[in-house]
Ligand code: BGC
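Residue numbers (this note's numbering): 195 to 602.
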């Protein structure tokens, strides 16, 4: 077959993403507390599931450390120790041709007690940003990736309107101290996933099952976004601000309603207060044969329809997350290329996509699933914390360096 090249627009940003709680290690927040009280239960449920043969984990997952049947799998602990090893990790990203990187600031480190800002933690994040910009890697800074300081949890987190005030004060402090070094801000990560799991299904902190609280938390998150947007713009008018919004491609019956509620309700509520639309895409509702280690369907074409849909906002689009759990690294290179093929197709048709961040740079703590799902371009040995670059990372590096994909 003739080899074809698909070139991306000049200046396209290429990189990978992480989030504080999933990689840093040593965090004390609502999640780390939740892990303490839920890890034994999660391991027990997984063991039962395995014994009953309900969707059992294959050997290639069970032979890795930690695996889903072990309690330590569900405790973030030292994670990848990225808090101390960020320079090494950024050197890896640079060697892989990345020219942008998305990470998050951990609110519980910056403001461990109400109104008490920890200057050393803020200095840490300044160093993180400088480490990126010194290598000419564009930082995309997420201000909230799901975790709350314990004192915010104690007042009811996003159920409480007061949290909006506290959140904007924290962001004000960050932007005052670090704002001149950062152009791209991502205020919230996937508010729809967070409220769905935390307030509706109740499987994540704060573990509520309440439609009212779910709606309330969503409402407060949207208000927090708008208020924060204004504060950042006031301090830095040229800042580019958005949200990282999880989008699913819905094809099935009732797709219209689901699409509207899941994909667009939040985005519509903030639409005048975003300079770009940030999207995280992983799955569609198609029953595809191709599956990830987490049994998520792989639907690259669904990505195209999501991108076309998001075009309605007439704003630049950044893909802030896209990736898969694939411990054997068998599917990752193809997954990336297939998805990028559809990004390029959307661009050709006038959709203004300006960057792509693979999730994730490193294997990391996958929330209530723990460490076993391996999303990284870089493998982490959780016993030694040794980093090992996966072959697919080099395939992606080729794309980043040449700004194009080749047909296969
Ligand atoms: C989240 C990440 C998570 C990834 C894979 C996204 O929903 O932003 O924190 O690790 O998906 O599940």
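For each residue, glycine too, the CB sits at the ideal point set by N, CA and C.
- Residue 434 and residue 333 have their C-alpha atoms some 12 Å from each other.
- When the Cα atoms are used, residue 524 and residue 586 turn out to be separated by approximately 8 Å.
- Annotation: residue 226 to residue 576 spans about 18 Å, alpha carbon to alpha carbon.
- In the DSSP assignment, residue 277 falls outside any beta strand (DSSP E) and within the unbroken alpha helix (DSSP H) covering 276–289.
- Using a 10 angstroms sphere on the CB of residue 349, the tally of other CB atoms stays under 16, which defines it as exposed.
- Distances taken from the Cβ of residue 387 to the heavy atoms of the ligand BGC include one shorter than 7 Å.
- Bounds of any alpha helix (DSSP H) do not take in residue 519, whose DSSP letter is neither H nor E.
- Annotation for residue 226 indicates a beta carbon at 7 Å or more from all heavy atoms of the ligand BGC.
- Counting only runs of 3 or more residues that sit fully inside the region 443–511, the beta strand (DSSP E) segments are 471–478, in chain order.
- The residue from 281, 397, 236, 490 with its alpha-carbon nearest to that of residue 529 is 490.
- Relative to the Cα of residue 578, the nearest Cα in the group 260, 328, 199 belongs to 260.
- Cβ neighbours of residue 540 within its own chain (closer than 7 Å, five residues either side excluded): 498, 501, 502, 547.
- Taking every protein chain shown into account, the CB of residue 289 has fewer than 16 other CB atoms within 10 angstroms, so this residue is exposed.
- For residue 207, the beta-bridge partners assigned by DSSP are 549.
- Distances from the CA of residue 242 to each of 358, 223, 263, 430 were compared; the closest alpha carbon is that of 263.
- Residue 275 and residue 329 have their alpha carbons spaced roughly 21 Å apart.
- Segment contact: the region 386–402 against the region 410–430, three or more CB-CB distances shorter than 8 Å; contact assigned.
- A distance below 6 Å between beta-carbons, with the five flanking residues on each side excluded, links residue 219 to the following residues of its chain, in chain order: 272, 273, 275, 277.
- Residue nearest to residue 520 within the set 331, 254, 246 is 254 (criterion: CA-CA distance).
- Not one heavy atom of the ligand BGC lies closer than 7 Å to the C-beta of residue 221.
- Bounds of the beta strand (DSSP E) holding residue 383 are 378–383.
- Beta-bridge partners of residue 314 (DSSP): none assigned.
- Annotation for residue 200: the continuous beta strand (DSSP E) segment containing it runs 199–201.
- Taken atom to atom, the span from the alpha-carbon of residue 444 to that of residue 508 is near 21 Å.
- Residue 586: member of the alpha helix (DSSP H) spanning 585–596, first to last residue.
- With a threshold of 7 Å, the Cβ atom of residue 467 does not count as near the ligand BGC, since no heavy atom of the ligand is closer than that.
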